[in-house]
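Asker: Taken in order, these protein sequences are the chains called A and B.
Just so we're aligned, residue 69 is where the first sequence starts under this note's numbering, counting upward by one.
Just so we're aligned, residue 1279 is where the second sequence starts under this note's numbering, counting upward by one.
C-beta: ideal position from N, C-alpha, C; glycine also.
Please read all numbers here as calculations on a predicted model, not as lab measurements.
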Amino acid sequence: MKRIALAFMVLLTATAAFGAGKLTLMQNKPEIDAQLKAYAAAWGQKNGVTVVIKSIGGTSGGMGPQLKADYAAGDMPDIFAFDGLESFKEWEGIILDLSKEPWVSKTSVAFKYNGKVYGFPVAVEGWGMAYNADLLAKAGIDPKTLTRYDAYKKAFEKLDSMKSELGINAVVSMAASVEMGWVTAHHNFNSLLANGLPYGDLSVVNDLLAGKVDMQRLQEYADWVELLFKYADKSILLTGNYDAQVGAFATGKTVFLHQGNWVDPNLKAANATFKMGFAPHGSMKKVTDGIFVSAPSFYAINKESKNVALAKKFLNDLVTTPEGANYMVKEAGMIPAFSGISLNPDGQLSKSVQQWAAAGKVYSWDQYYFSGDFRDKVLTPIYNQFAAGSITKAQFVDLMAKAFKDNAQK
Amino acid sequence: MTKKTESRIVFWVFLAPVLFAFIMVMVIPFFLGSYYAFTNWTSSARVDNGLRFIGFKNFTDSLTDPSFLYSFGITFVYTILNMIAINVVAFALALLVTGNLRFKNVYRVGFFVPNLIGGIILGYIWQFIFNNAIPSLGSLIPALGFLADPDKLMLSKNTSALAAMVIVGAWQYAGYIMMIYVAAIENIPQELIEAAKIDGATPWIRLRAITIPLCAQAFTVTMFLTLVNSFKQFDVNVSLTSGGPSTMLMGQPILGTQLLALNIYNTAFISNKLSEAQARAFVFFLVLAIISIIQVYVNKRKEIEL
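This is the structure we're talking about:
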């Protein structure tokens, strides 16, 4: 008995000792997993600590379950990623106030709540309508004119009539299956919320959250969604996954792609060498000359962690050391969210996002003001049925309006 | 130490590891979960969220949610179709590989192998087949041109997507059930079949009067396994359809192929209602327990009758 007790003691102290020299980070971008691990290993060696990186991607159902399981098990990571207001609220009780960190003054996109800074912006990302510049030039369309609904409608009609000349299957690569709900009910949905408004203007969001629907705006948005669905590759629209959607654009089978600059590595892997860039969404009759740019997710530090000082240093070193900057920009190919980093990413679409941002032509990301429940379980099915043609545009508008009203009553 | 106490110690020592695991991962979570079903527990660090006892609210909320009711219905439909598909295919395969067939052991292994592939991977493989392989077959062979029509993709409509799930389910599970039938068929005394042959019984009559009745015990087992497995289907559901495409019920847009297990998962982790998901899981358990008890009871009675 004594011997067993002794063995237990040894085991306990061993795990305790091991636990102290360990910094855990859980993040939601599997595409940068290898790069982050390599950087973290080097950083850990310098600082005498083992850094464990856990990467779990996907929509709002992606990282959440693991985080909840770890929280219930008392094994919460020291640093974890969250994507916006709704998920911040989920963990508000344990997220550390980072207002006094040195990197705060170097960024404009940190996550703030009630005047305090809680989230370290992982990167800057953007999306609009990614276009194949070569094909547009062939069809004689200037991407600079694509800033409103009517211009897109004309361009889509023209491209559609030139299908065989251009060697394309369809005009747009758009995905609207349930699995791809993040494209419709998260990204495309944001056009309704933020397009054409000053950066950070929440007037439409707040109205919709209160159940007040601007029918004019919703009608114009429905026209835009209809246009995208009508000229999309049908099989990708209804059943395609991410690979199918990006693949069609990468191989020149569509002129437009409804995704953001995170597809750069995928396009590179597919040897897509044509010229490309982003054009604004044409979800309104008026000109909306800008694309959607923001930090996609933020790192939060767990207040209850034993390694708060180390975690703070880890985040700070990402910004202030050359290794950190090199990892963010050159290795992971992300657009840095901080001033004072002179490196630039290589991807064409990332460069396009930087150009739009430098020109100040940006609209915000407001979809995270709506819960994952609302977006994935209420909106995704509506978009899906509209794409499949089982509901009309009028029904789409009615269902959307009803969804906002029901949501406000919850 | 007497022989009796020694054997008793051995008994408990050998049982202990399994018992320990069973209690830790089945019994305790079950009771803890049933308790959480009556609370507002969420396993997150919301500021305003103390653990409160809220009675039957989670249950009433679940039973008034159209998506849960729909998932119930669709799970029943899926279970029945899947049970029929798996058992018919499995029994046919079993007859095939117990007959006079060359390389029958190779076939047995071949039919069994899909069962060794994990459900998630299987779902993605079949997603590729339904979305890419079949349409490109259609564009290659003019006679099968309809397969390339994007409106006819199996996964683009919820009824055909459910059928797709049955196909994948049968493909995955039939080989395993086949093994049980093979064992049962090979246990049938050869002299019975010979006697029947001498009496001039056709293969069809031999099948109906000898093979099927003498496999009754196997049917009890296979029915139970396929019932429970179909009812609990989750991984293929996630990777093949993610619950889509959507449809309407009671004026609300909902996911058209979301089986119960996926509904419970989504309630927990997309809607962040862990306790309500617990309540649903509890209902799920009760219904499944009742159905499988009835099934075993009916099958057992059949065993005696035959």
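1) Could you tell me which residues DSSP pairs with Tyr1454/B in its beta bridges?
2) Does Lys445/A have its Cβ less than 8 Å from a Cβ in chain B?
3) Look up Asn370/A in the DSSP assignment and give the residues it is bridged to.
4) From what residue to what residue does the beta strand (DSSP E) around Trp195/A run?
5) Label Trp1290/B either buried or exposed according to how many other C-beta atoms from any shown protein chain fall within 10 Å of its C-beta, with 16 as the threshold for buried.
6) Please state the DSSP three-state secondary structure of Ser128/A.
7) At which residue ranges does the stretch 174-258 of chain A contain complete alpha helix (DSSP H) runs of 4 or more residues, listed in the order of the chain?
8) Would the beta-carbon of Ala405/A fall within 8 Å of that of Val177/A?
9) Taking 6 Å as the limit between beta carbons, can you name the residues of its chain near Ala108/A, skipping five residues before and five after?
10) Can Tyr1451/B and Thr1504/B be called in contact, C-beta distance under 8 Å?
11) Can a CB atom of chain A be found closer than 8 Å to the CB of Ala1323/B?
12) With distances taken from CA atoms, which of Val117/A, Met468/A, Gln113/A and Trp111/A is nearest Lys90/A?
13) Unbroken alpha helix (DSSP H) runs of length 4 or more, entirely within the stretch 1534-1561 of chain B: which are they?
14) Using the C-alpha atoms, what's the distance from Ile209/A back to Ile1399/B?
15) In three-state terms, what does DSSP make of Tyr431/A?
16) Give me the Cα-Cα distance between Ser128/A and Ile236/A, rounded to the nearest whole angstrom.
17) Taking Cβ positions only, does Leu1533/B come closer than 8 Å to chain A?
18) Pick out the complete beta strand (DSSP E) segments inside the stretch 322-389 of chain A, 3 residues or longer, and give them in chain order.
19) Have a look at the DSSP bridge pairing and note the partners of Ala108/A.
20) Rounded to whole angstroms, what's the CA-CA distance from Phe382/A to Ser123/A? Just pull it up for me.
21) Is the separation between the beta-carbon of Lys353/A and that of Glu288/A shorter than 8 Å?
22) With DSSP as the reference, label Lys122/A as helix, strand or coil.
23) DSSP state of Gln1511/B, grouped into three classes?
24) Give the interface partners of Leu93/A over in chain B, defined as CB-CB distance under 7 Å, in chain order.
25) Would you list, in chain order, the members of the stretch 1408-1421 of chain B that have their beta-carbon closer than 7 Å to a beta-carbon of chain A?
26) Whole-angstrom Cβ separation of Tyr1517/B and Tyr1402/B, contact assumed at under 8 Å?
27) Assign Asn412/A to one of two classes, buried (16 or more other C-beta atoms within 10 Å of its C-beta) or exposed (fewer than that).
28) Can you round the beta-carbon distance between Ser1549/B and Asn1318/B to whole angstroms, since I take them to be within the 8 Å contact cut?
29) If you measure beta-carbon to beta-carbon, which residues of the stretch 1298-1325 of chain B are closer than 7 Å to chain A?
30) If I follow the unbroken beta strand (DSSP E) through Leu295/A, where does it start and stop?
31) With DSSP as the reference, label Pro449/A as helix, strand or coil.
32) Hey, would you say Pro1344/B sits closer than 8 Å to Ile1542/B, going by beta carbons?
33) Compile a chain-ordered list of the residues in the stretch 167-179 of chain A whose CB is closer than 7 Å to at least one CB of chain B.
34) If the criterion is Cβ atoms closer than 8 Å, does the pair Thr1519/B and Met1443/B meet it?
Answerer: In short, the structure shows the following:
1) Beta-bridge pairing links Tyr1454/B to no other residue.
2) yes
3) Ile163/A
4) Glu193 to Trp195
5) exposed
6) Per-residue confidence for Ser128/A stands at a pLDDT of 46, beneath the threshold of 50, marking its modelled position as unreliable; no derived number is given.
7) 201-206, 217-229 and 231-234
8) yes
9) Val119 and Ile121
10) yes
11) yes
12) Val117/A
13) 1538-1547
14) 43 Å
15) strand
16) The predicted model places Ser128/A with a pLDDT of 46, which falls under 50 and marks its position as unreliable, so this point remains unresolved.
17) yes
18) 344-347, 359-362 and 366-369
19) None, per the DSSP bridge assignment.
20) 17 Å
21) yes
22) strand
23) coil
24) Within 7 Å Cβ-Cβ: nothing; Leu93/A doesn't reach chain B, min ~18 Å.
25) Asn1409 and Pro1413
26) The displayed chain sequence assigns Ser, not Tyr, to residue 1517/B. About 5 Å separates the two Cβ atoms, so the contact holds.
27) exposed
28) Their Cβ separation, rounded to whole angstroms, is 13 Å, which puts Ser1549/B and Asn1318/B out of contact at 8 Å.
29) Ser1321, Ser1322, Ala1323, Arg1324 and Val1325
30) From DSSP, Leu295/A is part of no beta strand (DSSP E) but of the alpha helix (DSSP H) over Met283 to Lys298.
31) helix
32) no
33) none
34) yes
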